[in-house]
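Worksheet for the structure shown next.
Protein chains: 2
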Amino acid sequence: MVQVDPKTRLRRHPDQGSHSRSDLDAILNRAFVGHLGVLDKSGQPFVVPTVYGIGQDCIYLHGSVASMSLRKDLQFEATFVVTIVEGLVIARSIFNHSVNYHSCVIYGELEEIADPEDKLEGLKAISEHIAPGQWDYARRPNSKEIRKTSLKRMALEKFSVKSSEGPPSDSVGEDSLLDVWAGVIPLWQVRGDLVADPDLREKIFPPAHLEGFLPKGVES
Amino acid sequence: MVQVDPKTRLRRHPDQGSHSRSDLDAILNRAFVGHLGVLDKSGQPFVVPTVYGIGQDCIYLHGSVASMSLRKDLQFEATFVVTIVEGLVIARSIFNHSVNYHSCVIYGELEEIADPEDKLEGLKAISEHIAPGQWDYARRPNSKEIRKTSLKRMALEKFSVKSSEGPPSDSVGEDSLLDVWAGVIPLWQVRGDLVADPDLREKIFPPAHLEGFLPKGVES
């Protein structure tokens, strides 16, 4: 199913890379915003941050992507990247400073979803990916909203996953003798307490699924 | 200096947008990883996450960008996007769920930096942007490392800045009458304690500038 073609072949650090769907899911499941690269009308590269949902064999893209003026006359494969930064790598030499991260890249054509049922399925996937429980709690999209929503799909066929972890790589060689500290500054995301809409009607309390909810990318 | 051309014209929410350099800097200063969109050899869009440094009138890009096989026969403007996610917007309707964020988009040609002095200046800008103080503390790049490093520059001429903040927009209209909680789940980044390289020689302690240092994107 996964095509390792010249585009997804892992070039720089093949030892740190993977083409397995479970490795891909591990990253997609940990974040909720990715960056989509497309061609605009004049054939120039364009990048837009966007939320996503995970389907059986595709990801769903929504939001500003939908309103973008994409190149239609020219067939192209979009690129979707999700990056999770986990730490700054502080080395003995400037040259070996780096960032610890997990990232994935997905390539594929952006397919417009037209059927209202399919749209609803995609919207549910996005909603449940970002804030699980809200689909059954908040008001679902009505037919007018579904019509207004433009939703796209990218097949999960061509992708690669890369990670960089651990301490800096200059603990061997001459630099290891320097009187210079080296290590990692860990970084992670946290969530704050719920902030109620100031216009919320009285005596409406947050549902249980939001109280304890840890959004993607957030560790307890 | 800032060109508001069709590409950087703010389309979707012009009220939330800006073309001012100080607004741009406010975002560039708060993060250290962005996503670069380019054309690969076959003219397809490609996105790569990368660190950056801020110069007087340009940003410096480094790392995997340098090793990418870019389209050379075709002139193109790269796109560089920095996105800071600040919260999940929980609305009364699924349709009005969104994300609070700040982001900027920069367009421009990727200019290769060849001169060793210019390279050193760019490397310093990146290093001081990511981990201020390390340039004067760690071992600086030697001439061999400078030669091995490929560094690119993008002029800060065409850019736009966008933000979305505050509670959901469905506190007016029919939905405001629903018995559904609405508000924001704030998100932010934190840093952990320094983790020393397990191979660090004995009795080397972290320098003061790292002890209290808050990386970009991290709030105290």
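As given, the protein sequences belong to chains A and B, one line each in that order. Take any residue in the first sequence, note its place counting from 1, add 3, and you have its number in my numbering. Take any residue in the second sequence, note its place counting from 1, add 3, and you have its number in my numbering. We treat Cβ as the ideally placed atom computed from N, Cα and C, and that holds for glycine.
In terms of beta-carbon proximity, E124/B stays away from the interface with chain A, with every pair separated by 8 Å or more. Residues of chain B with a Cβ closer than 8 Å to the Cβ of I57/A do not exist, since the nearest Cβ in that chain sits about 17 Å away. Listed by position along chain B, the residues whose Cβ is nearer than 9 Å to that of V164/A form an empty set, because the closest Cβ is around 13 Å away. Assignment of beta-bridge partners to T86/A by DSSP yields S106/A. In the DSSP assignment, R24/A falls within the unbroken alpha helix (DSSP H) covering R24 to L31. A straight-line Cα-Cα distance of about 8 Å links D60/A and E160/A. Annotation: Q78/B to A81/A spans about 19 Å, alpha carbon to alpha carbon. If one requires a minimum length of 3 residues, the beta strand (DSSP E) runs lying completely within the region 37 to 70 of chain B are 48 to 57 and 61 to 64, in chain order. Of the residues I97/B, V92/B, L203/B and D196/B, the one whose Cα lies closest to the Cα of W138/A is I97/B. Close CB contacts of V221/B within its chain, under the 7 Å cut and outside five residues either way in sequence, are with Q192, V193 and R194 (chain order). A residue is called buried when at least 16 other Cβ atoms come within 10 angstroms of its Cβ; A117/B does not meet this threshold and is exposed. Interface residue (Cβ-Cβ distance to chain A less than 8 Å): Y63/B is not classified as such. Of all residues in the region 192 to 221 of chain A, only Q192, V193, R194, G195, D196, L197, V198, A199, D200, P201, D202, L203, R204, I207, F208, P209, P210, L213, F216, P218, G220 and V221 come within less than 8 Å of chain B when Cβ atoms are compared, listed by chain position. What G40/A touches in chain B, judged by beta-carbon distance under 7 Å, is G40, P48, F49 and V50, going in chain order. In this structure, V183/A and R142/B form a Cβ contact; the two beta carbons are roughly 7 Å apart against a cut-off of 8 Å.
For G136/A, the closest C-alpha among the options L197/A, G40/A, D202/A and E214/A is that of E214/A. Closest option to G169/A, judged by alpha-carbon separation, among S163/A, E120/A and H105/A: H105/A. Interface with chain A (8 Å Cβ-Cβ cutoff): H132/B is excluded. Short of 8 Å from the beta carbon of G125/B, and not among the five residues preceding or following it, lie these beta carbons of its own chain, in chain order: G56, G58, Y63, H65, I116, L154 and R156.
Taking a Cβ-Cβ threshold of 8 Å, the residues of chain B close to H100/A are S130, I133, A134, Q137 and A141, in chain order. Chain A has no Cβ within less than 8 Å of the Cβ of I30/B. When beta bridges are read from the DSSP output, Q192/B appears opposite Q192/A and V221/B. In terms of beta-carbon proximity, E160/A stays away from the interface with chain B, with every pair separated by 8 Å or more.
In the DSSP assignment, K206/B falls outside any beta strand (DSSP E), carrying neither H nor E. At a cut-off of 8 Å, the C-beta of S174/B has a neighbouring C-beta in chain A.
Judged by DSSP secondary structure, A211/B falls outside any beta strand (DSSP E) and instead within the alpha helix (DSSP H) spanning A211 to E214. A buried status is given to D200/B, since no fewer than 16 other beta-carbon atoms sit within 10 Å of its beta-carbon.
Residues of chain A whose Cβ lies closer than 8 Å to the Cβ of A81/B are, in chain order, P48.
With respect to the C-alpha of L217/A, the residue from L91/B, P210/B, F35/B and K147/B having the closest C-alpha is L91/B. Closest in alpha carbon position to V102/A, among A34/B, G20/B, R150/B and D26/B, is A34/B. Listed by position along chain B, the residues whose Cβ is nearer than 8 Å to that of G186/A are L197, V198, A199, D200, L203 and P209. At the C-beta level, L31/B and V108/B stay beyond 8 Å of one another. Here the C-alpha atom of S25/B lies approximately 20 Å from the C-alpha atom of V54/B.
If you draw a straight line from the Cα of G40/B to the Cα of K44/A, it is about 15 Å long. One thing to note: G20/B has its Cβ within 8 Å of the Cβ of S163/B. In the DSSP assignment, R150/A falls within the unbroken alpha helix (DSSP H) covering S146 to K151.
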